[in-house]
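Take a look at the structure set out below.
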Amino acid sequence: MSPERTIFLIDGQSFYASIEKASRPELGDKPVAVGDPERKSGLILAACPIAKSKGVTTAERVGQALAKCPDLVVIRPRMQTYIAVSLFMTEIYESVTDQVEPYSIDEQFLDVTGSMACCGSAKEMAYRLQHQVLLSTGVRSRIGIGPTKILAKMATDNFAKKLPDGIFELSSDKLESDLWELPVHQMFMVGSRMTRHFVRMGLHSIGDIARLELGDFKRRMRREMRKQSDIQAEYYWQTARGIDPSPVVASIRGNLKSISHGKTLRSSLYRKLEDIEVVLLELVVEVCRRSRRHGYMGGVVSVGAGETDGERSRWFSRQMTLPQPSSLTHEIAAAAHKIFVGHWQGLPLSSLHVSLTQLSDDGVLQLTLFDDRPSAYRLERASDGIKDRYGSDAIMRASSLLQAGVARERAEQIGGHYK
Numbered sequence: 001m002s003p004e005r006t007i008f009l010i011d012g013q014s015f016y017a018s019i020e021k022a023s024r025p026e027l028g029d030k031p032v033a034v035g036d037p038e039r040k041s042g043l044i045l046a047a048c049p050i051a052k053s054k055g056v057t058t059a060e061r062v063g064q065a066l067a068k069c070p071d072l073v074v075i076r077p078r079m080q081t082y083i084a085v086s087l088f089m090t091e092i093y094e095s096v097t098d099q100v101e102p103y104s105i106d107e108q109f110l111d112v113t114g115s116m117a118c119c120g121s122a123k124e125m126a127y128r129l130q131h132q133v134l135l136s137t138g139v140r141s142r143i144g145i146g147p148t149k150i151l152a153k154m155a156t157d158n159f160a161k162k163l164p165d166g167i168f169e170l171s172s173d174k175l176e177s178d179l180w181e182l183p184v185h186q187m188f189m190v191g192s193r194m195t196r197h198f199v200r201m202g203l204h205s206i207g208d209i210a211r212l213e214l215g216d217f218k219r220r221m222r223r224e225m226r227k228q229s230d231i232q233a234e235y236y237w238q239t240a241r242g243i244d245p246s247p248v249v250a251s252i253r254g255n256l257k258s259i260s261h262g263k264t265l266r267s268s269l270y271r272k273l274e275d276i277e278v279v280l281l282e283l284v285v286e287v288c289r290r291s292r293r294h295g296y297m298g299g300v301v302s303v304g305a306g307e308t309d310g311e312r313s314r315w316f317s318r319q320m321t322l323p324q325p326s327s328l329t330h331e332i333a334a335a336a337h338k339i340f341v342g343h344w345q346g347l348p349l350s351s352l353h354v355s356l357t358q359l360s361d362d363g364v365l366q367l368t369l370f371d372d373r374p375s376a377y378r379l380e381r382a383s384d385g386i387k388d389r390y391g392s393d394a395i396m397r398a399s400s401l402l403q404a405g406v407a408r409e410r411a412e413q414i415g416g417h418y419k
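In terms of the UniProt record's numbering, the sequence shown opens at residue 1 and continues consecutively.
Okay, here's the thing in structure tokens:
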């Protein structure tokens with residue numbers, strides 16, 4: 001039997017807000033939140049501990065937060081900065097172990113099993129990493145320690161975040177005394193809906209699930225869920241017992257299965273086909289650029305769209321197989337346009353999505369009699385190079401300058417937020 005691993009889950013406290021406060025020392029004793037100060041209907045993305053103590057919560061409206069805390073300082077997000085700090089924190093963790101796996105922008109798994117012989121005990125390493133990250137970035141860290149990724153995550157969320165020093169070790173021999181006494185909604189991946197199912201089944205704590213035999217738990221789940229639920233049952237039973245064989249992997253990207261891009265739209269603005277065509281082409285441009293960046297062509301084009309007039313709503317998703325795999329904008333755009341026009345019922349558009357699947361290596365190119373595809377690829381890759389160097393809005397289609405275009409706005413954003 002292999003020895004237990006030692007896994008960290010390191011979480012950056014109030015990550016976005018902490019970075020903003022670190023870069024502006026004058027805000028050190030003030031309540032700070034990250035959001036768009038010019039949009040009272042926008043959402044709070046992060047709040048510092050001082051703001052939280054005054055009732056400000058993540059994901060509430062900016063206007064609501066200001067009503068609770070009139071002296072709240074709301075700062076527009078800088079996503080590129082947050083990404084850079086996250087990557088820098090990864091480099092700090094890699095000074096201890098090469099097994100570092102980002103879980104989100106502010107959370108990372110570390111397997112330090114092989115580092116303990118030279119770097120000290122798990123808690124010594126945790127304190128050292130905490131101190132180094134705080135000095136380098138101004139971000140305080142909470143660290144959960146466990147023999148599996150699941151236990152490290154639950155150690156962080158349920159214990160480390162509530163302790164003054166922000167470090168907690170959840171070992172296998174302490175599950176019954178530490179973990180199993182917690183209410184079932186505090187188990188990883190148990191939301192409000194699943195909590196209601198468990199409560200109806202008489203399972204109020206994590207231990208109520210962990211103490212059951214797997215077969216008994218599966219039978220209870222089948223009676224409650226009224227469908228095939230054996231996979232869910234096995235997942236939750238293993239989670240309650242801290243069973244998780246998944247390794248910490250340094251690379252989180254496997255082989256791509258699809259490349260896609262989508263946009264949520266204000267339906268009041270996208271009622272006419274000529275306006276929708278602008279956004280459709282912009283999405284195709286970005287999908288093709290991403291495909292070429294990763295060295296792929298797609299054999300199948302898919303278009304999905306949501307349409308509504310306030311009373312009627314519908315969603316459609318259709319696909320088309322191309323004559324030959326491609327990541328050329330004009331070829332993908334022609335297919336996407338044909339799909340959309342063939343299935344759109346004329347209602348205002350609330351969302352639009354384009355994807356390429358059945359990906360293949362673009363190192364082998366199918367030639368045609370009537371199109372100079374190699375030249376087209378050279379031109380597109382030259383355009384890609386300019387965008388990579390000077391920004392995605394360095395070269396744009398003329399249609400993106402129309403009022404319906406969203407490419408210019410998106411060029412200033414990452415994940416829908418400003419860089």
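Note that CB positions come from ideal geometry on N, CA and C, so glycine has one too.
Note that the coordinates shown come from a computational prediction; the quantities given were computed from them, not determined experimentally.
Could you check whether residue j and residue i sit closer than 8 Å to each other, using their CB atoms as the reference points?
i       : j       : result
Leu-352 : Leu-273 : no
Val-32  : Ala-17  : yes
Leu-27  : Val-73  : yes
Val-139 : Ile-92  : no
Lys-174 : Leu-9   : no
Ile-206 : Leu-170 : no
Ala-240 : Met-187 : yes
Glu-282 : Ser-392 : no
Phe-15  : Tyr-103 : no
Leu-359 : Met-297 : yes
Ile-105 : Ala-122 : no
Lys-387 : Ala-398 : no
Looking only at its chain, what residues have a beta carbon closer than 6 Å to the beta carbon of residue i, apart from the 5 residues adjacent to it on each side?
i       : result
Gly-262 : His-353
Val-248 : Gln-99, Glu-101, Phe-109, Asp-111
Asp-275 : Ala-404
Leu-66  : Leu-72
Arg-220 : Met-201
Gly-63  : Lys-40
Glu-107 : Asp-11
Leaving out five residues before and five after residue i in sequence, what residues of the same chain have Cβ atoms less than 8 Å from its Cβ?
i           : result
His-294     : Leu-256, Ile-259
residue 465 : The structure shown does not extend to residue 465, since the chain is modelled only from 1 through 419, so no value can be given for it.
Asp-384     : Arg-289, Arg-292, Arg-293
Met-1       : The pLDDT assigned to Met-1 is 43, lower than 50, so where the model puts this residue is not dependable; a value taken from the coordinates is nonetheless given after this. Excluding positions up to five away in sequence, the list is empty.
Arg-61      : Lys-40, Ser-41, Gly-42, Leu-43, Ile-44
For residue i, count neighbouring C-beta atoms within 10 Å of its own C-beta (all shown protein chains included) and say buried if the count is 16 or more, exposed if not.
i           : result
Pro-3       : exposed
Gln-324     : exposed
residue 427 : The question about residue 427 has no answer here: the residues shown for the chain are numbered 1 through 419.
Ala-382     : exposed
Ala-46      : buried
Arg-142     : buried
Phe-88      : exposed
Gly-12      : buried
Glu-215     : With the sequence shown as reference, residue 215 is identified as Gly, and Glu is not the correct amino acid for it. The residue is exposed, with fewer than 16 neighbouring Cβ atoms inside 10 Å.
Ala-51      : buried
Val-199     : exposed
Val-364     : exposed
Trp-237     : buried
Leu-369     : exposed
Gln-130     : buried
Ile-19      : buried
Arg-408     : exposed
Can you tell me which residues form a DSSP beta bridge with residue i?
i       : result
Val-32  : Val-73
His-353 : Gly-262, Gly-304
Pro-183 : Ser-205
Asp-361 : Tyr-296
Pro-102 : Gln-108
Leu-43  : Arg-61
Asp-11  : Glu-107, Arg-142
Any heavy atom of the ligand SAH inside 7 Å of the beta-carbon of residue i?
i       : result
Ser-229 : This structure lacks the ligand SAH; in fact it carries no ligand of any kind.
Using CA coordinates, which residue listed in the options is at the minimum distance from residue i?
i       : options                            : result
Val-300 : Asp-309, Val-284, Gly-310, Gly-120 : Val-284
Ser-53  : Met-297, Leu-369, Asp-29           : Asp-29
Val-96  : Ile-7, Lys-149, Gly-12             : Ile-7
Ser-136 : Ile-150, Glu-331, Ser-86, Gln-358  : Ser-86
Leu-269 : Tyr-296, Asp-244, Glu-307, Gly-298 : Glu-307
Ser-115 : Arg-24, Arg-5, Tyr-377, Thr-156    : Arg-5
Ser-375 : Arg-408, Leu-328, Arg-318          : Leu-328
Glu-94  : Ile-231, Ala-250, Tyr-127          : Ala-250
Gly-346 : Asp-165, Trp-315, Ala-122, Phe-168 : Trp-315
Ser-355 : Arg-318, Thr-368, Gly-166, Ile-395 : Arg-318
Val-184 : Ser-172, Glu-311, Leu-203, Gly-166 : Leu-203
His-197 : Pro-25, Glu-176, Glu-213, Gln-232  : Gln-232
Asp-165 : Glu-124, Pro-147, Ser-192          : Glu-124
Would you please verify whether the beta carbon of residue i is less than 8 Å from any beta carbon of chain C?
i       : result
Asp-388 : The structure shown contains no chain C; it is built from a single protein chain.
Give every residue of the same chain whose Cβ lies closer than 7 Å to the Cβ of residue i, excluding the five residues on either side of it in the sequence, and list them in chain order.
i       : result
Phe-340 : Leu-280, Val-303, Ala-305
Pro-348 : Ser-267, Ser-268, Tyr-270, Arg-271, Glu-307, Thr-308, Asp-309
Leu-402 : Val-278
Ile-150 : Phe-188, Thr-239, Gly-242, Asp-244
Ala-126 : Phe-8, Ile-143, Ile-145, Ile-167
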